Amino acid sequence: MSDPRVPLRLADPAEIAGQISFALRYDERGRSRPIAPGRPLGEFTADRTAEAVLRMLERGGYVIMKTPQAA
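Going by this note's numbering, the first residue of the sequence shown is number 41, and it counts up by one from there.
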């Protein structure tokens, strides 16, 4: 759990979309996630999917905050 004394800032939508896109393309070890054997998810597809997820979060009224020291 995060420290409640750390000031939070509103996360930039481009940062969020980039993180979602990365998570769709790579696993926790940085290896490509295949959508079929030998076929990694393309950057274009991951970016478009991330943008769609971000639009749905915004439409649903979600707010994502980020700590200043988070990279």
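Here a beta-carbon is modelled for each residue, glycine too, at the ideal position from N, C-alpha and C. Remember, it's a predicted structure, so these values are computed and weren't measured experimentally.
Compute the Euclidean distance between the alpha carbons of residue i and residue j, then round it to the nearest angstrom.
i	j	result
residue 85	residue 106	26 Å
residue 69	residue 99	32 Å
residue 64	residue 97	16 Å
residue 72	residue 104	26 Å
residue 87	residue 49	24 Å
residue 45	residue 51	18 Å
residue 59	residue 82	15 Å
residue 47	residue 101	21 Å
residue 67	residue 108	25 Å
So the alpha helix (DSSP H) residue i belongs to, where does it begin and stop?
i	result
residue 94	83-99
Assuming residue i contacts residue j under a Cβ cut-off of 8 Å, what Cβ separation, rounded to an integer in Å, is found between them?
i	j	result
residue 90	residue 61	4 Å
Pull the bridge partners of residue i from the DSSP assignment, please.
i	result
residue 50	105
residue 61	Its beta-bridge partners do not exist; DSSP assigns none.
Buried or exposed: where does residue i fall if 16 or more other Cβ atoms within 10 Å of its Cβ makes it buried?
i	result
residue 54	exposed
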